[in-house]
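Listed in order, the protein sequences are those of chains A and B.
The first sequence: position 380 = 380 (this note's numbering), numbered continuously.
Position in the second sequence (first residue = 1) + 1000 = this note's numbering.
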Amino acid sequence: MKGIRNILALALAAVLLLSTLGLAAFANERVTITYSMWGDNEEVRVLQETIDKFEQEQDRIHVEIVQIDRADYVGTLNTRAVGNNLPDTGIMAEDAVLMWAEQGMLADVSNMYGEGEAKPLDSLAFTFDGKPVGYSVANEVLLLYYDRQAFVEAGVTPPPAKAEEAWDWDTFVDIAKQMTLDVNGNNAKSPDFDPNNIKRYGVMLCPDFWQLEVWSVSNGGAWYDAEGNVTIGEPAAMEALQRIADLYLVHHVAPQYGTNTATNVDQDLVNKSTAMYVNGQWSVGVWLGPAKNSDGLDYGVGVLPYMKDKVTLNTGGVNVAFATSKHPAEAMEWLKWYAREENAWGLIEGGIWMPVLSSYYTDEALTRKWVENPNFPPYDEYKTAVVDYAFNNAKPTSWYWVNNTNLFNDALSSILAPAWSGNTTVAEAITAHLDQLKAANQGN
Amino acid sequence: MAVTRVKPSAMARHEARLAKIYLIPAFLGLTFLTYLPLLSVFVLSLFKWTAIMPKPLYIGFNNYIRLFTKDMFFWTSMRVTIIYALLTVVGSVLYSLAVAMLLNRSIRGRGLFRAIFYVPYIIPAMAIYMIWGLLYNKDFGVINALLVQLGQPRAGFLIDSKYIIPSLALIAVWTSGNLIVIFLAGLGSVPRVYHEAAEIDGATFWKRFVHITLPFMSPIIFYNVLLSLIANMQVVVPSLIYAGSNRTTYPEYTFMSFLMYRTGFINNELSYASAISFVFFVLIGLFTLVLFKGSKNILFYESGGN
Chain A
1 MKGIRNILAL ALAAVLLLST LGLAAFANER VTITYSMWGD NEEVRVLQET IDKFEQEQDR
61 IHVEIVQIDR ADYVGTLNTR AVGNNLPDTG IMAEDAVLMW AEQGMLADVS NMYGEGEAKP
121 LDSLAFTFDG KPVGYSVANE VLLLYYDRQA FVEAGVTPPP AKAEEAWDWD TFVDIAKQMT
181 LDVNGNNAKS PDFDPNNIKR YGVMLCPDFW QLEVWSVSNG GAWYDAEGNV TIGEPAAMEA
241 LQRIADLYLV HHVAPQYGTN TATNVDQDLV NKSTAMYVNG QWSVGVWLGP AKNSDGLDYG
301 VGVLPYMKDK VTLNTGGVNV AFATSKHPAE AMEWLKWYAR EENAWGLIEG GIWMPVLSSY
361 YTDEALTRKW VENPNFPPYD EYKTAVVDYA FNNAKPTSWY WVNNTNLFND ALSSILAPAW
421 SGNTTVAEAI TAHLDQLKAA NQGN
Chain B
1001 MAVTRVKPSA MARHEARLAK IYLIPAFLGL TFLTYLPLLS VFVLSLFKWT AIMPKPLYIG
1061 FNNYIRLFTK DMFFWTSMRV TIIYALLTVV GSVLYSLAVA MLLNRSIRGR GLFRAIFYVP
1121 YIIPAMAIYM IWGLLYNKDF GVINALLVQL GQPRAGFLID SKYIIPSLAL IAVWTSGNLI
1181 VIFLAGLGSV PRVYHEAAEI DGATFWKRFV HITLPFMSPI IFYNVLLSLI ANMQVVVPSL
1241 IYAGSNRTTY PEYTFMSFLM YRTGFINNEL SYASAISFVF FVLIGLFTLV LFKGSKNILF
1301 YESGGN
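In structure tokens form, the structure reads like this:
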């Protein structure tokens, strides 16, 4: 009995010794870093192919994927932070970047790109204390999608694809009225129009709350100033939001804001429950391209209408290196390599991501390489309505430089609920709760 | 008067010792999985701490002061959670009892009906809320189409502050198949003899229900009310599906569990979320206590015990 025990103990010790030696030998040659991401198994498969390519090009860095559910993404990273078990690098939700930067959890990436190297667009850098803490992995802008067939049938001019031809707000409302139909086929300009029985709305807005900021900016206002102070109480910012509420309350051309709880842009366009839809560029890859291929949806894309300034917002999930990483140099090398367009080509080609390097917006050969594929609307339309629009007219969403936007948006979204249903006005609602909005901006 | 303690027999002592040993696993489980975490939640609520802060900062009861005096969501959250729970508890207990009594009769295809009423309970919540979302849709939903046919105005079931809570409560009532099963088991145990005797004496259905069924069922009703109350106070699924984070959120969706989740895991304020959950725990505890105290005199046990 004792003999067996001794042998067992010896064997265990030998295994331990060997594995330690093995690890040490391995570590000298190759560093393993982790990259966390949200996405389904298909996206993991695409990413793994990309990583395989990275590992073929060099043999010092091995990248392991940490797949986390989108809905619990930041929460899961939090838990890992508590357990001192953060990945080395990862994608990060836009509204959490500054909070993590403020706590010193993100590495400063200002030296990631050297002098003269092709860099992402400036509007895609998240900054804290004047230093970049991450670049968006993709560009995204807000656009106006529409059902081309519906416009042809109605004999109405579809949304313009060029920023210089963008509709002013009154024209937009007028067109939306012409495209809104009740069950008897009367449009919203007809005296017989029945606002209680609408079959197809002129326009719908994605209920992702942060998108509303674009209208305040378009009206010459802003939710925050350059220092991140709350400016939503100023008339221009509030007036724009009232105009959004009035699309439903006054003009009957859109459902009450935030109501399309169970549907997406493709379903609403395929079902013909709306003629136009405001949402981000990712809709092309996630919904509209697939709907074009499977349901034959003939969709078009145009620039947003404007109030004072012809403007859209840009955003995009961020790749960050965590400050806790033991291999910061390798982490940044991977991120920089991964940010090159050719390495995320599947997502760009599919229409989910827009490139981040400026050359794709200015060099026609590169633009054609990106845009000419069956998921997209015709090249000429997409080129001016999306590529040029994103390059010339896009401003960053406020979370690129303002902290606590999630707290602020939770508060504002709750405060504005009675304004969407017309129980109060936007100005009354915001003015009455301005202190709470300012407190939310401060993290309380 | 001196009380002489009877010395327990060796057998009894042995059994007592054995019982204590058998209780150890349960005791350990409760201690490490319930009481200690509860205590640590309370301790954490006295600090300022986001998971990514290097060190928690002791701030006494400031989280509670902020919650009760400054938080714009807290009182709304309390109100909607309590109203929702009360509506749901009353609704689902009445509905389940009624359905159980129907299913308890000797009707053709009873097994099939039992299965049908139980099905909503086992459908994934996501699917249930998506489908009800379509039914409730103000512009294109079936219910509103019916209302229009009847000449009524459209109702924003999921977007009008008047309707949100009752609409959500109705979904919860519809899914209360588990209560039906418990009621059915209870109804099976009501002795037939009393019903037969009452029938011979010419008692109406209603009289038999009030004087026989209800007293016999009272402990089961109490159990179902308790179960349903605790479960429904913790409602969170409709908020996650219809409101979510960074979506447009009407205040009626800010249930306590959702507020807790959003504060802790979306907005990173773990210690503040601990304060919310501790207050929430006390609230559920109070409701349970009131229920136990209030029910003492109306519960009926056949054995005569209480």
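For every residue, glycine included, the Cβ atom is placed at its ideal position computed from N, Cα and C.
Using a Cβ distance threshold of 8 Å, P159/A and L181/A do not count as a contacting pair. Boundaries of the beta strand (DSSP E) around M37/A: 31-38. Look at V1290/B: its C-beta is not under 8 Å from any C-beta on chain A. For W287/A, the closest of E428/A, G350/A, L212/A by C-alpha to C-alpha distance is G350/A.
With three or more CB-CB distances shorter than 8 Å, the region 1224-1234 of chain B counts as touching the region 1078-1085 of chain B. Per DSSP, Q58/A has no beta bridge partner at all. Within its own chain, no residue has a Cβ closer than 6 Å to the Cβ of L1038/B once the five positions on either side in sequence are excluded. Relative to the Cα of G130/A, the nearest Cα in the group D246/A, P191/A, T32/A, L98/A belongs to L98/A.
Boundaries of the beta strand (DSSP E) harbouring F128/A: 125-128, taken from the DSSP string. Residue-level contact by beta carbon fails for I1123/B and chain A, as no gap is shorter than 8 Å.
For the C-beta of L407/A, the chain B residues within less than 8 Å are, from N- to C-terminus, N1267. Here the C-alpha atom of V270/A lies approximately 11 Å from the C-alpha atom of A150/A. For D147/A, the enclosing beta strand (DSSP E) starts and ends at 140-147. Taking a Cβ-Cβ threshold of 7 Å, the residues of chain B close to I198/A are D1139, in chain order. For P290/A and S398/A, the gap between their C-alpha atoms comes out near 31 Å.
Residue state for G1264/B is assigned as helix, using DSSP reduced to three classes. Around the beta carbon of K1207/B, a 10 Å sphere encloses fewer than 16 other beta carbons of the protein chains shown; the residue is thus reported as exposed. Three or more Cβ pairs drawn from the region 1095-1104 of chain B and the region 1176-1193 of chain B lie within less than 8 Å of each other, which places the two stretches in contact.
Proximity of R1262/B to chain A, defined by a Cβ-Cβ separation below 8 Å, is satisfied.
Under the three-state reduction of DSSP output, I1298/B falls in the coil class, being neither helix nor strand. By the Cβ rule, the region 172-188 of chain A does not count as touching the region 353-361 of chain A, because fewer than three pairs are nearer than 8 Å. Collapsing the DSSP output to three states places S110/A in coil. For G1133/B, the enclosing alpha helix (DSSP H) begins and ends at 1125-1136.
Straight-line spacing of the CA atoms in N186/A and L1150/B works out to 22 Å.
Here D182/A carries a strand assignment [DSSP, helix/strand/coil]. Taking S359/A as the centre and dropping the five residues before and after it, the same chain places the C-beta of L366 closer than 6 Å to its C-beta, in chain order. Here S1218/B is near I1298/B, since their CB atoms are less than 8 Å apart. Per DSSP, N404/A lies in no alpha helix (DSSP H) segment and is marked neither H nor E. For G317/A and M276/A, the gap between their C-alpha atoms comes out near 26 Å. Using beta-carbon distances, Y145/A does not count as an interface residue toward chain B, since no partner is under 8 Å. A check of alpha carbon separations from T32/A across L121/A, D246/A, A96/A, W334/A identifies W334/A as the nearest. Assignment of alpha helix (DSSP H) within the region 170-218 of chain A, counting only whole runs of 4 or more residues, yields 213-218 in chain order.
Interface annotation, M1072/B: in contact with chain A, CB-CB separation under 8 Å. In the DSSP assignment, S136/A falls within the beta strand (DSSP E) that extends over 131-136. Residue environment analysis places S110/A among the exposed positions, since fewer than 16 neighbouring C-beta atoms fall within 10 angstroms of its C-beta.
Beta-bridge analysis with DSSP links G1111/B to no other residue.
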